[in-house]
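According to the numbering used here, the stretch in the sequence shown is residues 130 to 296, in order.
We treat Cβ as the ideally placed atom computed from N, Cα and C, and that holds for glycine.
Computed from a prediction, not measured in an experiment: that's the story for all the values here.
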Amino acid sequence: ELGLTDIQVMYHYTGDLKATPEAQTLAGSWYNAGTEVIFACGGPVGNSVMAAAEPVGAYVIGAELDQSEQSTTVITSAMKNLPAAVYMAVKAFYDGEFHGGVIDRLNAANDGICLPMDTSKFTTFTQGNYDAIYSKLVAGEIAIPVDTDHASATELANDAVTVIMVE
130 ELGLTDIQVM YHYTGDLKAT PEAQTLAGSW YNAGTEVIFA CGGPVGNSVM
180 AAAEPVGAYV IGAELDQSEQ STTVITSAMK NLPAAVYMAV KAFYDGEFHG
230 GVIDRLNAAN DGICLPMDTS KFTTFTQGNY DAIYSKLVAG EIAIPVDTDH
280 ASATELANDA VTVIMVE
């Protein structure tokens, strides 16, 4: 949609959920090498990425909660819609349909995920764009691959992106 023909995705597991100088240094090296956005998942480790993004004017996508107040570098956050998840569980309980010990996947169809559009800092992606894509996710017109049978991302089919493992 943006006319991009080559997208490169790099990923790294820190092995820890802590904000560390090592994670900040790695994120800084990515930004200095031309990375524009880092999707930082892992609780406080995101703080390391935000700290690396700030001096170079780069961007971060937060995770789990709206992290827009933590740094001006956060352009959006991939959120778990926890109020919807709690509502589903409580409703199931009162309807006599709650089954403890069962994994429920949060997704668009059950309103379990969202972007905080009120605080997102997109320049061309609008609420209308978001609503259109979200509706397609709910309807199953856009399928998100769920492939957890592989040891690493390099084993996945990379039709649209190049994945580079960083050790």
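Just to confirm my understanding: we take residue i, look at its own chain, exclude 5 residues before and 5 after, and list those with CB closer than 8 Å. What are they?
| i | result |
| --- | --- |
| THR149 | THR143, VAL174, SER177 |
| GLN199 | GLY175, ASN176, MET179, GLY191 |
According to the neighbour-count rule (16 or more other Cβ atoms, all chains shown, within 10 Å of its Cβ), is residue i buried or exposed?
| i | result |
| --- | --- |
| GLN196 | buried |
| TYR223 | exposed |
| TYR160 | buried |
| SER264 | exposed |
| VAL231 | exposed |
| GLY171 | buried |
| TYR216 | exposed |
| ALA268 | exposed |
| THR202 | buried |
| THR133 | Note that residue 133 is Leu in the sequence shown here, rather than Thr. Classification of LEU133: exposed, given that the 10 Å Cβ count is below 16. |
| ALA156 | buried |
Considering residue i, what are the terminal residues of the alpha helix (DSSP H) in which it resides?
| i | result |
| --- | --- |
| ILE262 | 256-268 |
Between the alpha carbons of residue i and residue j, how many angstroms are there, rounded?
| i | j | result |
| --- | --- | --- |
| ALA152 | GLY225 | 46 Å |
| ALA238 | ILE262 | 12 Å |
| GLY186 | LYS147 | 23 Å |
| ASP260 | ALA182 | 29 Å |
| VAL154 | LEU211 | Here the sequence assigns Thr to residue 154, which means Val is not the residue at that position. For THR154 and LEU211, the distance between alpha carbons rounds to 32 Å. |
| PHE168 | ASP247 | 19 Å |
| GLU165 | TYR188 | 6 Å |
Which same chain residues end up closer than 6 Å to residue i when comparing Cβ atoms and leaving out the 5 residues on each side of it in sequence?
| i | result |
| --- | --- |
| ALA221 | PHE227 |
Going by DSSP, what residue range makes up the beta strand (DSSP E) through residue i?
| i | result |
| --- | --- |
| GLU193 | 188-193 |
CB-CB under 7 Å to residue i, same chain, minus the five flanking residues each way: which ones, in chain order?
| i | result |
| --- | --- |
| ALA214 | LEU235, GLY241 |
Length-filtered (3 minimum) beta strand (DSSP E) runs lying within the segment 138-186:
Whole beta strand (DSSP E) segments, 3+ residues: 166-168.
Which complete alpha helix (DSSP H) runs does the segment 207-243 hold, if anything under 4 residues is left out?
Taking only runs of at least 4 residues, the alpha helix (DSSP H) segments lying wholly in the segment 207-243 are 211-223.
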